[in-house]
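Protein sequences appear in the order of chains A and B. The first sequence finishes on residue 302 if you use this note's numbering, and the numbering steps up by one all the way, no holes. The second sequence finishes on residue 1302 if you use this note's numbering, and the numbering steps up by one all the way, no holes. For each residue, glycine too, the CB sits at the ideal point set by N, CA and C. Every value quoted in this text rests on a predicted model; they were computed, and no experiment measured them.
Protein chains: 2
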Amino acid sequence: MTVTGEGGLSIGTVERETGLSKDVLRVWERRYGFPRPWRDSSGDRLYPPEQVEQLRLVKRLVDEGLRPGRVVRLDPEALRRLLAEHVADSALDGHDRLLRLLHEGQPQAMANYLQHQLASQGLQRFVMETLVQANQAVGVAWAHGQISIFQEHLYTEQVQNVLRQAMGSLPQHTEAPRVVLTTLPGELHSLGLLMVQTVLTLHGAEVRSFGTQMPMTEIIAAVDRHQADVVALSFSAAYPAPQAVEGLSALRDLLPASVALWAGGAGLRALRSPPERVRIIDPLEQMVESLKAWRSEHKAVG
Amino acid sequence: MTVTGEGGLSIGTVERETGLSKDVLRVWERRYGFPRPWRDSSGDRLYPPEQVEQLRLVKRLVDEGLRPGRVVRLDPEALRRLLAEHVADSALDGHDRLLRLLHEGQPQAMANYLQHQLASQGLQRFVMETLVQANQAVGVAWAHGQISIFQEHLYTEQVQNVLRQAMGSLPQHTEAPRVVLTTLPGELHSLGLLMVQTVLTLHGAEVRSFGTQMPMTEIIAAVDRHQADVVALSFSAAYPAPQAVEGLSALRDLLPASVALWAGGAGLRALRSPPERVRIIDPLEQMVESLKAWRSEHKAVG
DNA sequence: AGACATAATTTGTCCTGGACAAAATGTATG
DNA sequence: CATACATTTTGTCCAGGACAAATTATGTCT
Chain A
1 MTVTGEGGLS
11 IGTVERETGL
21 SKDVLRVWER
31 RYGFPRPWRD
41 SSGDRLYPPE
51 QVEQLRLVKR
61 LVDEGLRPGR
71 VVRLDPEALR
81 RLLAEHVADS
91 ALDGHDRLLR
101 LLHEGQPQAM
111 ANYLQHQLAS
121 QGLQRFVMET
131 LVQANQAVGV
141 AWAHGQISIF
151 QEHLYTEQVQ
161 NVLRQAMGSL
171 PQHTEAPRVV
181 LTTLPGELHS
191 LGLLMVQTVL
201 TLHGAEVRSF
211 GTQMPMTEII
221 AAVDRHQADV
231 VALSFSAAYP
241 APQAVEGLSA
251 LRDLLPASVA
261 LWAGGAGLRA
271 LRSPPERVRI
281 IDPLEQMVES
291 LKAWRSEHKA
301 VG
Chain B
1001 MTVTGEGGLS
1011 IGTVERETGL
1021 SKDVLRVWER
1031 RYGFPRPWRD
1041 SSGDRLYPPE
1051 QVEQLRLVKR
1061 LVDEGLRPGR
1071 VVRLDPEALR
1081 RLLAEHVADS
1091 ALDGHDRLLR
1101 LLHEGQPQAM
1111 ANYLQHQLAS
1121 QGLQRFVMET
1131 LVQANQAVGV
1141 AWAHGQISIF
1151 QEHLYTEQVQ
1161 NVLRQAMGSL
1171 PQHTEAPRVV
1181 LTTLPGELHS
1191 LGLLMVQTVL
1201 TLHGAEVRSF
1211 GTQMPMTEII
1221 AAVDRHQADV
1231 VALSFSAAYP
1241 APQAVEGLSA
1251 LRDLLPASVA
1261 LWAGGAGLRA
1271 LRSPPERVRI
1281 IDPLEQMVES
1291 LKAWRSEHKA
1301 VG
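Here is the structure:
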C-alpha cells in the first residue's frame, strides 16, 4: 500500500501534501522531466522532500496564472524570483501590523488586534472592508513567499474565532429568505463562508450554514428539508474555474426552479460565461443588493 | 476536461463526492461489476446519481469494517438492512433531544440546547462527556442512515460555534507546554481538534491551533517558529489507519527529538502497533494525564 | 482444544503509455 | 481593432497488469 519510507514520499502522499493529483504528477514528469522521483524496490515513485517543496512553489505560480510548461523546469531560486515579481504588490499596506503579528507567530496578539478592529468599526465594516483587504494582503504575502502555509492557517483560525464569536451575540431574526450556505466538495476554504454568513445574518436573513464540502445530492436534500429559498455557494481562488461552472450548472439542473442559486468568491472572478440562472456575486457588497432584490421580487407573494 | 453532463457524473466528480479514489472506482467495477457507469461519446465513465448514492452506502459499510467484496454487489435495500444491523446500537440514548432537533433541522434550537448543556455542566464536563457522547450518537445515527451528511454538517457547525465562543471567554494562561495542534493532510474533521484545544486551554497549556490539513513540512516549520514543546494530531474514524501510522512515523523522524508527539482520536483506536516515541491518547481524559506527565518530566529543567 | 506459524485470498495503490477535449495562445481575415 | 479560425498546451481519463499489506483460512505442535 501507500508507503512513505526512507526519506521519500509516495505519490499518494505527495498528492495530499501538494494538492497536485497523481495524474498531474506523472504527466509533468513525462512531459517536462520534473519532478524526477527515485524508485523503491518495486518500482514505485519516491519523492524526495526537496522536490515536494519545489512542487509547492510551482503550484503557487500555476495558481497565479502562469503556465506549467514555462515554470516546471525552473530551479527553486528562479521560482522564488518569479514569485516575487509576478504578483500584484497592491493592498498589503495598512496591514503591516497584522502581517507582522502573523510573522512573529503571536496568535493571541492577532486575535486581540482583530477584536479591536471589530469593536471600533462594527461588524459590517469589519467584514466587508477590513477582512476583505486583510485576506487579500495575506494571500499576496503568501504568494510572495513572505509567509508560509502554517501562518496562513493560523490567520484563518483567529479570524474564525473572532467571527463565530461575534455572530453568537447577534439578534436572532427569522426573516425571509432562508439561505442554505455551503461549498462544493473540493472547496475547503471556510473563511468566505463565514464572512457571507455574517453579512446575511446582519441583514436579517435566515442562514443555515453547513460548512465546507457538501456533496451535491446532500445540498438538494438540505434544501428540501429546510425549505430553503436560496442556495449560496462560495468559491476560493484555489478552486478550478471549470469545475465551478460544471458544479453550478449541475446543481442548477437538480434544484427546483423556485430556489435561487447564488455563487460568489474569488474563484469565479475569471469566469467567461457564467451558467444560466445563477447569480454571480462578486464584491461582497453585492450580497446585500441581491438580498434586497430577492425580497422585492417575493414581496407580493409572501 | 472533467465533465459532468447530461445527468451523469464524471469519475473525478464521483471521487470528490464519495471519497472513493478513481483507482478504487475502476477496480471495483473491474472486479465486482459495480458500479456500472455509462460511457460518454469519448469513452469516459458517466455515473448515474443513483449509483453514486449507492456507492455512499457501500462506503459507509466498508468504513464500518465490512469487506468490499461482500457488500459491493448488494442492492440498496440490502445495504440499508445491513447498515441497520451491523452497527453498535449503544449510546444514542440520552441524546434523543439532540438527534430530534438535528432531524427537524433547527440549528438555532440546537445551538440553544448545546449552550444550555454547557452552562449547566461547565466547559470541562461538556467537552469530555456530553460532546464525546453526542459525537458518537451522531456517528451511530449516521451509520444507521437515520441522519444524512448534511445534518451531520449542521451539527458540526453548531458545536463549532459553541466551542469557539466558549473558548473566547477563557483566561489567557501562557504556561508550558506550548502545543502545536493540527491534523495531517486528508484529515478534515475539525471537531476533535477543537475539543482538544478546549481541554488543553482549560488546563493552562499554550495551544497554537492551525486547523486541519497541515502538510508535514509546514508542521515542522511551525514547531520551529513557535518553539513548540509538543505536537498534537487528531485522527477521525474516517482516516485510514495505515496512513496515520505512516504519517506519524514520518513526522517523528522529521521532528527534533526534544519535541513530544501526541496523537489521538477514533482513527487510532484499531491500531495494532503504534510507532515508536509517539504517545497515543485515546480517551480524551488521557490528555490531562499526558499534560501532567509532561510537566513533571520537565519540572527540573524549566 | 488452543496458540501460533504458514499459506491463500482480498484489496488498495501504483505502474505505463496512449488518447482526447477544453483552455489558452497565436494567426489570419473582415 | 475586433472577430473567426488554427495550433499548442494541459488536465483528466482509459486499459489492464502488477504487487504488497492486510485479512482470513489452514495446518501443526504443545
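Run through DSSP, which three-state label would residue i get?
i	result
B:Pro-1037	coil
A:Ile-220	helix
B:Ser-1209	strand
A:Glu-175	strand
A:Gly-302	Residue confidence is low: A:Gly-302 scores 42 on pLDDT, short of 50, so the model does not pin down where it sits. Its coordinate-derived value is still stated next. Here A:Gly-302 sits in coil by DSSP.
B:Arg-1269	coil
B:Ser-1042	coil
B:Tyr-1032	helix
A:Thr-130	helix
A:Ala-293	helix
B:Gly-1186	coil
A:Gly-139	helix
A:Gly-264	strand
A:Leu-251	helix
B:Leu-1284	coil
Looking at the secondary structure, which residues open and close the alpha helix (DSSP H) in which residue i lies?
i	result
B:Pro-1256	Run containing B:Pro-1256: none; DSSP gives neither H nor E here.
B:Ile-1011	1011-1018
B:Ile-1149	1149-1168
A:Met-195	191-202
Determine the closest residue to residue i out of the options, with distance taken between C-alpha atoms.
i	options	result
B:Val-1159	B:Gly-1186, B:Leu-1181, B:Leu-1123	B:Leu-1123
B:Ala-1222	B:Asp-1023, B:Ile-1149, B:Val-1179, B:Val-1278	B:Val-1179
A:Leu-163	A:Thr-183, A:Thr-174, A:Val-127, A:Ala-270	A:Val-127
A:Glu-17	A:Tyr-32, A:Trp-38, A:Pro-48, A:Arg-36	A:Pro-48
A:Val-199	A:Pro-283, A:Pro-275, A:Asp-224	A:Pro-283
B:Val-1230	B:Arg-1269, B:Glu-1187, B:Ile-1280	B:Ile-1280
A:Ala-228	A:Pro-177, A:Thr-201, A:His-189	A:Pro-177
A:Pro-256	A:Ile-219, A:Gln-51, A:Gly-192, A:Thr-13	A:Ile-219
A:Phe-150	B:Ala-1241, B:Ser-1296, B:Leu-1181, B:Tyr-1239	B:Leu-1181
B:Gly-1043	B:His-1203, B:Gly-1168, B:Ser-1010, B:Pro-1068	B:Ser-1010
A:Tyr-113	A:Leu-98, A:His-298, A:His-103, A:Glu-104	A:Leu-98
A:Met-287	A:Asp-253, A:Gln-197, A:His-226	A:Gln-197
A:Ser-148	B:Pro-1240, B:Gln-1051, B:Arg-1225	B:Arg-1225
A:Leu-170	A:Leu-154, A:Gly-192, A:Thr-201	A:Thr-201
B:Leu-1271	B:Glu-1289, B:Pro-1240, B:Trp-1294	B:Pro-1240
A:Gly-186	A:Leu-20, A:Gly-8, A:Gly-7	A:Leu-20
In the DSSP assignment, find the beta strand (DSSP E) that holds residue i and state where it starts and stops.
i	result
B:Leu-1233	1230-1234
A:Arg-279	279-281
Handout entry: alpha helix (DSSP H) runs wholly inside the segment 1091-1122 of chain B, at least 4 long, in chain order
Key = Within the segment 1091-1122 of chain B, the complete alpha helix (DSSP H) runs of at least 4 residues are 1096-1104, 1107-1121.
Handout entry: the segment 105-113 of chain A in contact with the segment 47-62 of chain A per 3-pair CB rule at 8 Å
Key = no
Handout entry: Touch test, the segment 1210-1225 of chain B against the segment 137-144 of chain A, Cβ-Cβ under 8 Å, three pairs minimum
Key = no
Exercise for the section: Enumerate, from N- to C-terminal direction, the unbroken alpha helix (DSSP H) stretches of 4 or more residues contained entirely within the segment 1049-1095 of chain B. Expected result: When DSSP assignments are scanned along the segment 1049-1095 of chain B, the uninterrupted stretches of alpha helix (DSSP H) that are 4 or more residues long and fall wholly within it turn out to be 1049-1063, 1068-1071, 1076-1085.
Handout entry: contact_flag[the segment 1204-1211 of chain B, the segment 1242-1262 of chain B] where n(CB pairs < 8 Å) is 3 or more
Key = no
Exercise for the section: Would you be able to state if there are at least three C-beta pairs under 8 Å between the segment 1228-1245 of chain B and the segment 1262-1276 of chain B? Expected result: Taking a contact to require three or more Cβ pairs closer than 8 Å, the segment 1262-1276 of chain B and the segment 1228-1245 of chain B qualify as touching.
Exercise for the section: Count the CB pairs spanning the segment 1017-1037 of chain B and the segment 1049-1059 of chain B that are closer than 8 Å, and state whether there are at least three. Expected result: yes
Exercise for the section: Please confirm if the segment 1245-1253 of chain B is in contact with the segment 1275-1291 of chain B, defined as three or more CB-CB distances below 8 Å between the two stretches. Expected result: Yes: at least three Cβ pairs fall under 8 Å.
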